[in-house]
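Written out below as structure tokens is the structure these notes cover.
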Ligand code: BEZ
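Numbering (the working numbering), first residue to last: 250 to 461.
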């Protein structure tokens, strides 16, 4: 297992899943990807997370992001569990759940943290750009369900900052003012950002969201 760092190529893999065998790179194609692990099937927090992910499919689709979940249970178990998730969360889980019984993918992505649990994955999140580089990593404990609004917010920031020389401030949401990249002089910023630049401090320059 090699440590994965931001900017590294997301390791490719082929694995069984709830929708059959998938290859990560083939599955993602030209899309962004979000790969997230779950401790185990038929567990309460995971059930709410996967149901929420399915309910948010339209939002992920809008952003050209494909979802892939993972747990160390088998594909047959995943398929039975998906029936429960769909029933209790009134949704339709269509994205694959990797069946990582041999822990091959969990090891590749360092999703098992032995001091938390020797065998089950923690709640890891990897956001992968279309060039296959890892843009974000998050690690939550089993006891805390993830916030899918926050995941969409981060994707909005990643996609905006990939295309414009800006960064997004604390608690930023799509459409709000953004920070001019520190690498740009205020003089240049005024030419680039035609909606206006406000110099709060020489190192803190705000501009309206250039994408909205
Ligand atoms: C859950 O998904 O509810 C869960 C899984 C493992 C440990 C604690 C909670």
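Virtual Cβ for every residue (Gly too), placed ideally from N, Cα, C.
Only a predicted model underlies this, so the values are computations on that prediction, with no experimental measurement involved.
As a beta-bridge residue in DSSP terms, residue 318 pairs with 285, 346.
Annotation: the continuous alpha helix (DSSP H) that includes residue 406 extends over 397-412. Under a 10 Å Cβ-count criterion, residue 339 is classified as exposed, with fewer than 16 other Cβ atoms of the shown protein chains found around its own Cβ.
Judged by beta-carbon spacing, residue 265 lies beyond the 7 Å limit of residue 325, meaning their Cβ atoms are not closer than that value. The C-alpha of residue 268 lies about 11 Å from the C-alpha of residue 331. When rounded, the separation of the alpha-carbon atoms in residue 279 and residue 424 is 25 Å. Not one heavy atom of ligand 1 sits closer than 6 Å to the Cβ of residue 348. Taken atom to atom, the span from the alpha-carbon of residue 461 to that of residue 395 is near 27 Å. Distance check between residue 316 and each of 255, 454, 292, 274 places 274 closest, using alpha-carbon atoms only. Any heavy atom of ligand 1 counts here; residues with a Cβ closer than 6 Å to one of them, in chain order, are 288, 289, 292, 293, 294, 295, 391, 392. Secondary structure note for residue 389: its beta strand (DSSP E) is the uninterrupted segment 383-389. Distance check between residue 291 and each of 276, 420, 337, 283 places 337 closest, using alpha-carbon atoms only.
As a beta-bridge residue in DSSP terms, residue 264 pairs with 271. In the DSSP assignment, residue 439 falls outside any beta strand (DSSP E) and lies within the alpha helix (DSSP H) extending over 435-441.
In the structure shown, residue 373 falls within a strand segment according to DSSP collapsed to helix, strand and coil. Here DSSP, grouped into helix, strand and coil, assigns residue 340 to coil.
Assignment of residue 446 by DSSP, reduced to helix, strand and coil, places it in the coil class. Distances from the CA of residue 391 to each of 448, 252, 364, 409 were compared; the closest alpha carbon is that of 364. Counting of Cβ neighbours within 10 angstroms places residue 351 among the exposed residues, the total staying below 16. Taking a 10 Å sphere around the C-beta of residue 288, we find 16 or more other C-beta atoms and assign the residue as buried. Residue state for residue 255 is assigned as coil, using DSSP reduced to three classes.
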